[in-house]
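Protein chains in written order, with our numbering: chain R, 17 to 478; chain H, 3 to 308. A virtual CB, placed ideally from N, CA and C, is assigned to each residue, including glycine. Remember, predicted model here, so these are calculated numbers, not experimental data. Have a look at the structure below before the remarks.
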């Protein structure tokens, strides 16, 4: 174990953790904006209550997404100074643009939204949540463009051992980014949709037990989330197919590792699990031609050794192989769940209560896409190894030379402990608010029964 | 002006914006438990920064992102050199941010944890940024300590003045007393800290340092005379001038042995970034300024429910 290993663990832990919160910020922000728009258009009380309820959950989650994102911004310089110096000219530009064009929008307008319910005209207040939500989505585009460049560097030349950008447009319209952005944004809407499905299912079960009725409000949010999840799921599948074809061209080792394909093969089969194969499917999925040659791990290893010198150019094979499968299975299960839900809540059945078994299944809609999402990132980033910038810079050559093992161990311990505590606190908080329901978010008679604590929510403008 | 110079100035500007804006956020965060005697007042104090602190923090993200893009070697060198202090800054910003967002949402029993997070999480970066930049410039532990104490007490003063400007009632009175108390610490640390920054530097840096001292003195006098708005202008100016002196002294070698030219990205990258910055920054300044206009009223004890 050396500083490099720990720096990689730290990057993995902090980034995966950060990305537990980001998809909810991306997807739920738009969902809440949509709810508020519906309230604005129809004037129906339901929509306002849903806006405030899901808005509260959104904010609890948003806080952690923002603060864990700060770590990301510094971590490249802290732990990966060689990488940062090599790529900053190209990679730094989208990061600076993300801050300037997206984060300011997101944070400033979210502050206006939270505290502006009373102070802004209704229409302007609605615009603030849209501005914030668009800011979140825009930030995803910039950071994914930067990330795509690591996998498929374009629009640059190497001068004096440093990458120099020659074409910003090429970086921003990198084919890898254009496939990855809809894939990750779509997945974020699936995760956010799954979150709303789970919460709505839980509330339906809870209120049915309490009052014996199905409140129309939760049916509305459930139905909206099911539609969002199904549509986003289709986007994820389509862009995933695009990504697979690009991976074949741009990152053949990742593709071979994801399939466990040892040797070059014409008409390569798709291995569902080891030993169970669908003939020719891999060739078809990666090129559109069922008889095309797909390169195998060993052949690529030989080729890269010739090209880049001696070394091991294989990523961690079991992790890449299995994370690919977990991503597909869990992702498809989520979309299947949403389609089933749409069938069960279709117009003709609108008079009938939602089956209790399905309301229970709804709870799975939170963990399933979250696990799929994490697996997708593991596939994508561990599959990129041993490179930080494919073909240009090895991970081993990217780490900060001046940062000692002890320092990384200390920071890894601190971040892991802090993040663990935050995860527990956030989970407790979310469960508390979901259980309490919208009444707790917006007391009809503020604090009447709690005279001793009239300022329970002093900094909260709802 | 050369593009590397332009971007050095832009980055100095972004850090200045960050220190001016988050300077009072940090001060408010540290002082909230002192200025607010009960829960209502505590909330009143924190509400002064409630709508804006998150947007203020983006100045840091933009400053650091711009350093990464425009001077990768400086960005990489500085944050890997000050590794553990930066970890602690991040810990501070994390617990502060979560504390501010969650304190009104957790059960009253757990609110103390959020308040602790806000206080410690404001104090840590307030001290550490001064310490990091003083050490970066002067390379000594004593300079770091002095710089940290100066930035810490300056944030306290700036935050206290901000609270006098943004509140009314008992909180405002206590904030004035706190500002006067903080000014003792500021005055004690300002002279050696600013002299350290300016030592051996060019005349404009000296001029900025002296002007910063003058602004601080004026700020204290204006607090005494209860001219809240002018006092805030004075403490904000003191931070602007201090940061200007700091970055003036860092020019042209922001890290020992690394010049701005060596650290800089290529002319193409700096060129496109200049266009993007020139087009976007006015909008950012406009809508952030508008936010302060929307929330310009003094915050009262009464919590606002919608």
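{"Asked": "Quick one, which of H:163, H:83 and H:114 has its alpha-carbon nearest residue 224 of chain H's?", "Found": "H:163"}
{"Asked": "Note the first and the last residue of the continuous beta strand (DSSP E) segment covering residue 181 of chain R.", "Found": "178–181"}
{"Asked": "With 16 other CB atoms within 10 Å as the buried threshold, where does residue 157 of chain R fall?", "Found": "buried"}
{"Asked": "Sort out for me which residues DSSP pairs residue 169 of chain H with in a bridge.", "Found": "H:301"}
{"Asked": "Buried or exposed for residue 104 of chain H, please, with buried defined as at least 16 other CB atoms from any protein chain shown within 10 angstroms of its CB.", "Found": "buried"}
{"Asked": "So with CB distances below 8 Å, who are the chain H contacts of residue 145 of chain R?", "Found": "What residue 145 of chain R touches in chain H: nothing, since even the nearest Cβ is about 14 Å away."}
{"Asked": "Among H:64, H:55 and H:41, which has the Cα closest to the Cα of residue 16 of chain H?", "Found": "H:64"}
{"Asked": "Does the stretch 256–273 of chain H touch the stretch 73–90 of chain H, meaning 3 or more C-beta pairs lie closer than 8 Å?", "Found": "yes"}
{"Asked": "Inspect the beta-carbon positions of residue 168 of chain H and residue 300 of chain H and report whether they are closer than 8 Å.", "Found": "yes"}
{"Asked": "Measure the Cβ-Cβ separation of residue 96 of chain R and residue 396 of chain R and say whether it is below 8 Å.", "Found": "no"}
{"Asked": "Just to confirm before moving on: does the CB-CB distance between residue 487 of chain R and residue 93 of chain H stay below 8 Å?", "Found": "This structure gives no information on residue 487 of chain R, because the portion of chain R shown stretches from 17 to 478."}
{"Asked": "Are the C-beta atoms of residue 166 of chain H and some chain R residue less than 8 Å apart?", "Found": "no"}
{"Asked": "Just mark residue 46 of chain H as buried or exposed, buried being the case when its beta carbon has 16 or more other beta carbons within 10 Å.", "Found": "buried"}
{"Asked": "Quick one: is residue 58 of chain R buried, meaning 16 or more other Cβ sit within 10 Å of its Cβ, or exposed?", "Found": "exposed"}
{"Asked": "Leaving out five residues before and five after residue 230 of chain H in sequence, what residues of the same chain have Cβ atoms less than 6 Å from its Cβ?", "Found": "166 and 167"}
{"Asked": "When Cβ atoms are compared, which residues of the stretch 128–161 of chain R fall closer than 9 Å to chain H?", "Found": "128, 130, 131, 132, 133, 134, 135, 136 and 147"}
{"Asked": "Using the DSSP secondary-structure output, state which residues sit across from residue 286 of chain R in a beta bridge.", "Found": "R:294"}
{"Asked": "By the three-class DSSP mapping on this structure, what secondary structure does residue 329 of chain R have?", "Found": "coil"}
{"Asked": "Please tell me whether, using a cut-off of 7 Å, the distance from the CB of residue 278 of chain H to the nearest non-hydrogen atom of the ligand MG is below it.", "Found": "Judged by which ligands are present, the structure shown has none, so any question about the ligand MG falls away."}
{"Asked": "Once you ignore the five residues that flank residue 291 of chain H on each side, which residues in its own chain have a CB closer than 8 Å to its CB?", "Found": "none"}
{"Asked": "Please identify the residue among H:161, H:137, H:132 and H:146 whose C-alpha is closest to the C-alpha of residue 153 of chain H.", "Found": "H:132"}
{"Asked": "Does any C-beta atom of chain H lie closer than 8 Å to the C-beta of residue 45 of chain R?", "Found": "no"}
{"Asked": "In whole angstroms, what separates the C-alpha of residue 64 of chain R from that of residue 273 of chain H?", "Found": "46 Å"}
{"Asked": "Can you name the residues that DSSP bridges to residue 263 of chain R?", "Found": "Looking at the DSSP assignment, residue 263 of chain R forms no beta bridge with any residue, so it has no partner."}
{"Asked": "Is residue 17 of chain R buried or exposed, if buried means 16 or more other CB atoms sit within 10 Å of its CB?", "Found": "exposed"}
{"Asked": "With a 10 Å radius around its C-beta and 16 neighbouring C-beta atoms as the bar for buried, classify residue 285 of chain H as buried or exposed.", "Found": "exposed"}
{"Asked": "Could you tell me the distance, in whole angstroms, from the CA atom of residue 273 of chain R to the CA atom of residue 163 of chain R?", "Found": "20 Å"}
{"Asked": "Using Cβ-Cβ distances below 9 Å, what residues of the stretch 74–91 of chain R are close to chain H?", "Found": "75, 76, 78, 79, 80, 82, 83, 84, 85, 86, 87, 89, 90 and 91"}
{"Asked": "Using only the alpha-carbon positions, how far apart do residue 61 of chain R and residue 86 of chain H sit?", "Found": "51 Å"}
{"Asked": "Can you grab the Cα-Cα spacing for the pair residue 417 of chain R / residue 129 of chain H, in whole Å?", "Found": "27 Å"}
{"Asked": "Using the beta-carbon of each residue, which ones in chain R are nearer than 7 Å to residue 275 of chain H?", "Found": "109 and 112"}
{"Asked": "Could you check how far apart the C-beta atoms of residue 217 of chain H and residue 240 of chain H are, in whole angstroms? I think they sit under 8 Å.", "Found": "4 Å"}
{"Asked": "Is the shortest distance between the beta-carbon of residue 377 of chain R and the beta-carbons of chain H less than 8 Å?", "Found": "no"}
{"Asked": "Chain H beta carbons: is any one of them nearer than 8 Å to that of residue 120 of chain R?", "Found": "yes"}
{"Asked": "Which residues in chain R have a C-beta closer than 8 Å to the C-beta of residue 103 of chain H? List them in chain order.", "Found": "75, 76, 78 and 79"}
{"Asked": "Just to make sure I have the definition right: I need the residues of chain R whose C-beta is within less than 9 Å of the C-beta of residue 264 of chain H. Which are they?", "Found": "What residue 264 of chain H touches in chain R: nothing, since even the nearest Cβ is about 10 Å away."}
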